[in-house]
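Peer 1:
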Amino acid sequence: MKKNIQSPRGTRDILPEEQKYWRYLTKNIQKNMDIFGCQRIETPIYEYAETYTRAIGKGTDIIDKEMFEVRRFSSITDTIAEEDAKTMVLRPEYTAGIVRAYVQNGMMNLPQPVKLWYSGPAFRYERPQAGRYRIHNQFGVEIIGDSDPIVDASIILLAFQTLSDIGLRDALKLEINSIGCPNCRAKMKKKIVEYFQGFLEDLCNDCNRRFVENPLRIFDCKESKCQKIIDSAPQLIDTLCDACKSHFKEVLENLDGLGIPYNLNPRLVRGLDYYSRTVFEIYYEKNQNENLAILAGGRYDGLIELFGGTPTPAVGWAGGMERIINILKSQEIEIPAEAMADVCLIHVGDKAKKLSLMLSAKLTNAGFKATNILGKESLKAQLRAANKMGAKTCLILGQRESIDKTVIFKDMDSGTQETVAQEKLVEFLQKRLAK
RNA sequence: GCGGCCAUAGUUUAGCGGCAAAACUGCAGGUUGUGGUCCUGCUGUCAGCGGUUCGACUCCGCUUGGUCGCCCCA
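So, in structure tokens, the structure goes:
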């Protein structure tokens with residue numbers, strides 16, 4: 003027997019039975035993005051690695067161990083030719099690619115700010131876990147060209163409205179913080195390093211590693227012995243410069259004004275290099291994986307410059323679609339029913355089979371959703387299939403009807419049926435299916 | 001990248017060192033042209049590779065995959 007081929011680790015098939023969730027989610031995202039005035043952008047699924055190393059930063063896990071390299075298949079054995087080529091990688095996230103596109107396409111010449119949204123797959127070579135896949139879908143928004151703190155608040159509002167629309171309103175939790183501008187952060191880092199220097203022996207191994215690689219991340223540690231030390235550490239907010247402080251204050255005031263509850267979390271830092279000032283994460287509290295954010299983002303005022311553009315402020319967020327859909331499933335949130343076919347055509351005999359296909363084409367042209375049942379010949383089997391599909395009405399076409407040029411209309415709920423002339427079928431259905 | 005648990009039909013699960021099962025699903029039928037319930041029948045399985053053994057789905061090892069925790073992250 004041949005060995006079966008499995009889907010690669012950390013990837014999955016999204017089967018028809020799951021599609022209703024995706025359709026529901028996508029529809030609501032699209033709607034909210036439209037209302038907010040965002041325009042969709044699609045960037046390549048892979049970019050030069052530099053796009054991400056520059057933006058996200060070396061020393062982060064995403065760059066150091068989670069990227070998939072892309073190269074020409076035949077050249078796998080052809081290493082010499084490969085040496086000159088620039089390394090390309092599957093996108094681990096969207097922001098960097100979008101900023102690259104903003105600069106490359108001269109979007110600074112469009113009316114500012116440029117409001118963009120996206121949706122699609124991102125790739126990270128991680129150890130698979132609940133809510134964590136090597137191919138996962140993200141949707142998100144990027145507002146480029148406006149430093150006003152009200153924009154920060156407005157995209158958080160957009161996130162809340164989108165998530166509320168899909169039924170998660172009741173348990174959303176917003177964590178927010180400001181990590182300041184590069185100047186603030188340099189100061190902070192110094193202070194923090196000075197502070198933790200004295201506690202290195204009391205901190206866990208991970209924190210000792212963080213101390214060297216990215217001291218700010220010590221604030222993320224969940225170990226209780228580290229928590230105690232963190233609690234009395236200098237707070238990030240106190241270190242902010244006046245400009246950053248008032249920016250953050252205004253963001254919070256705007257959230258207050260919008261009635262969006264938040265938790266000011268001085269320990270929230272986020273791992274990507276490009277963030278500045280506002281950072282936030284949204285959780286769903288009834289989630290089994292409560293420590294997984296379903297949506298996260300922040301400001302990245304320095305990134306456009308990093309890609310060769312003029313200094314341009316920007317802010318955005320990304321949501322994890324698989325994580326949201328897992329919640330929709332586990333919370334048994336009601337998904338509106340899918341549009342179903344109006345009528346199901348059933349045939350008896352070869353001649354009627356051909357005729358019924360032509361009839362369904364005619365009905366489709368007349369604006370009905372008509373479907374044929376294929377792959378089954380007996381009347382009983384076809385009716386069973388129609389029933390399983392949830393068909394409300396059927397049209398039965400047999401030998402008799404082919405000759406008489408009629409068709410039997412059957413209401414599946416009541417079981418009643420009547421004979422209709424094929425010529426008058428369109429009018430008949432218009433009346434019958436009116437409500 | 002590290003650690004724990006796990007792998008039997010499409011799905012959910014029984015089971016035993018010596019015959020591999022159930023339910024649901026799928027397919028067909030229950031006379032001549034009528035679905036949902038019901039009845040009958042059929043299809044289909046021990047993740048892969050090694051080892052121990054007279055004999056392995058069962059015990060052991062490796063690989064692959066899943067799951068949970070860590071790291072990190074949407």
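In this note's numbering, the protein residues as written are 3 to 437.
In this text, a Cβ means the ideal position worked out from N, Cα and C, and glycines have one as well.
Closest to Leu176 by C-alpha separation, out of Pro115, Gly261, Lys224 and Asp208, would be which residue?
Peer 2: Gly261
Peer 1: Between the Cα of Glu429 and the Cα atoms of Phe370, Cys243, Lys331 and Gly400, which residue gives the shortest distance?
Peer 2: Phe370
Peer 1: State the beta-bridge partners of Gln41 as determined by DSSP.
Peer 2: Leu118
Peer 1: Between the Cα of Arg14 and the Cα atoms of Gly133, Glu71 and Ala57, which residue gives the shortest distance?
Peer 2: Gly133
Peer 1: Verify the contact flag: Leu347, CB atom, against every heavy atom of the ligand MN, threshold strictly below 7 Å.
Peer 2: This structure lacks the ligand MN, and indeed carries no ligand of any kind.
Peer 1: With distances taken from CA atoms, which of Gln21, Gln8 and Gly12 is nearest Ile337?
Peer 2: Gln21
Peer 1: Name the DSSP beta bridge partners of Trp319, please?
Peer 2: Val143 and Gly299
Peer 1: Quick one: give me the first and last residue of the alpha helix (DSSP H) that Glu429 is part of.
Peer 2: Leu427 to Arg434
Peer 1: If you scan the segment 213-301 from start to end, which runs of the beta strand (DSSP E) of 3 or more residues do you find wholly inside it?
Peer 2: With a minimum length of 3 residues, the continuous beta strand (DSSP E) runs that stay inside the segment 213-301 are 278-286 and 297-301.
Peer 1: With DSSP run on the structure shown, which of helix, strand or coil describes Ser180?
Peer 2: In this structure, Ser180 counts as strand in the three-state DSSP scheme.
Peer 1: Check Ala387 in the structure and name its three-state DSSP category.
Peer 2: helix
Peer 1: Grab me the residues of Phe70's own chain with a C-beta within less than 7 Å of its C-beta, minus the 5 sequence neighbours each way, in chain order.
Peer 2: Val91, Leu92, Phe125 and Tyr127
Peer 1: Under the rule that 16 or more other beta-carbon atoms within 10 Å means buried, what is Lys433, buried or exposed?
Peer 2: exposed
Peer 1: If you follow the alpha helix (DSSP H) that Gln401 is in, where does it begin and where does it stop?
Peer 2: Gln401 to Asp406
Peer 1: According to DSSP, Val345 sits in a beta bridge with which residue or residues?
Peer 2: Ala372 and Thr395
Peer 1: Here's the rule: buried if 16 or more other CB atoms are within 10 angstroms of the residue's CB, otherwise exposed. What is Cys346?
Peer 2: buried
Peer 1: Could you tell me how far apart the beta carbons of Ser149 and Thr280 are, in whole angstroms, since I believe they sit closer than 8 Å?
Peer 2: Approximately 11 Å separates the beta-carbon atoms of Ser149 and Thr280; this is outside 8 Å, ruling out the contact.
Peer 1: For Pro315, which residues in the same chain have their Cβ closer than 6 Å to its Cβ, ignoring the five residues on either side in sequence?
Peer 2: Ser149 and Asp303
Peer 1: Quick one: is Ala339 buried, meaning 16 or more other Cβ sit within 10 Å of its Cβ, or exposed?
Peer 2: The C-beta of Ala339 has fewer than 16 other C-beta atoms within 10 Å across all chains shown, which makes the residue exposed.
Peer 1: Assuming contact is defined by CB atoms lying nearer than 8 Å, are Val271 and Ile157 in contact in what I supplied?
Peer 2: no
Peer 1: For the structure I just gave you, are there three or more beta carbon pairs, one from the segment 381-399 and one from the segment 346-359, closer than 8 Å?
Peer 2: yes
Peer 1: If you drop the 5 nearest sequence neighbours on each side, which residues of the same chain put their C-beta closer than 6 Å to that of Ile438?
Peer 2: Look at the range of the chain in this structure, 3 to 437, and you will see that residue 438 is not part of it.
Peer 1: Should Ile410 and Leu427 be called a contact, given that it needs their Cβ atoms to be closer than 8 Å?
Peer 2: no
Peer 1: Let me check one thing: in DSSP terms, what residues is Ile410 bridge-paired to?
Peer 2: Ile398 and Thr421
Peer 1: Which residue's Cα is closest to the Cα of Cys243: Pro184, Ala388 and Ala341?
Peer 2: Among Pro184, Ala388 and Ala341, the Cα nearest to that of Cys243 is on Pro184.
Peer 1: What are the boundary residues of the alpha helix (DSSP H) that includes Glu203?
Peer 2: Here Glu203 belongs to no alpha helix (DSSP H), and DSSP marks it neither H nor E.
Peer 1: Quick one: Cα of Asp222 to Cα of Asn216, how far?
Peer 2: C-alpha separation (whole angstroms): 11 Å.
Peer 1: When DSSP labels each residue in this structure, what does Met3 get in the three-state scheme?
Peer 2: Note that Met3 has pLDDT 45, beneath the 50 cutoff, so the model's placement of it is unreliable and the number below is only indicative. Here Met3 sits in coil by DSSP.
Peer 1: Find out if the Cβ-Cβ distance for the pair Ala161, Val253 is shorter than 8 Å.
Peer 2: no
Peer 1: Would you say Ala354 and Ala372 are within 8 Å of each other, going by their C-beta atoms?
Peer 2: Contact: no.
Peer 1: Could you spell out the range, first to last residue, of the beta strand (DSSP E) harbouring Glu49?
Peer 2: Tyr48 to Tyr50
Peer 1: Assign Arg134 to one of three DSSP states: helix, strand, or coil.
Peer 2: In this structure, Arg134 counts as strand in the three-state DSSP scheme.
Peer 1: Using the DSSP secondary-structure output, state which residues sit across from Phe125 in a beta bridge.
Peer 2: Beta-bridge partners of Phe125 (DSSP): Ile137.
Peer 1: Starting from the C-beta of Gly417, find all residues in its chain whose C-beta is less than 8 Å away, skip the five residues before and the five after it, and write them out in chain order.
Peer 2: none
Peer 1: Rounded to the nearest angstrom, what separates Ser278 and Thr55 at their Cα positions?
Peer 2: 17 Å
Peer 1: Note down the Cα distance separating Met3 from Gly122, rounded to an integer number of angstroms.
Peer 2: Note that Met3 scores a pLDDT of 45, beneath 50, so its modelled location is shaky; the value from the coordinates is reported in the next line. Each residue's alpha carbon lies about 37 Å from the other.
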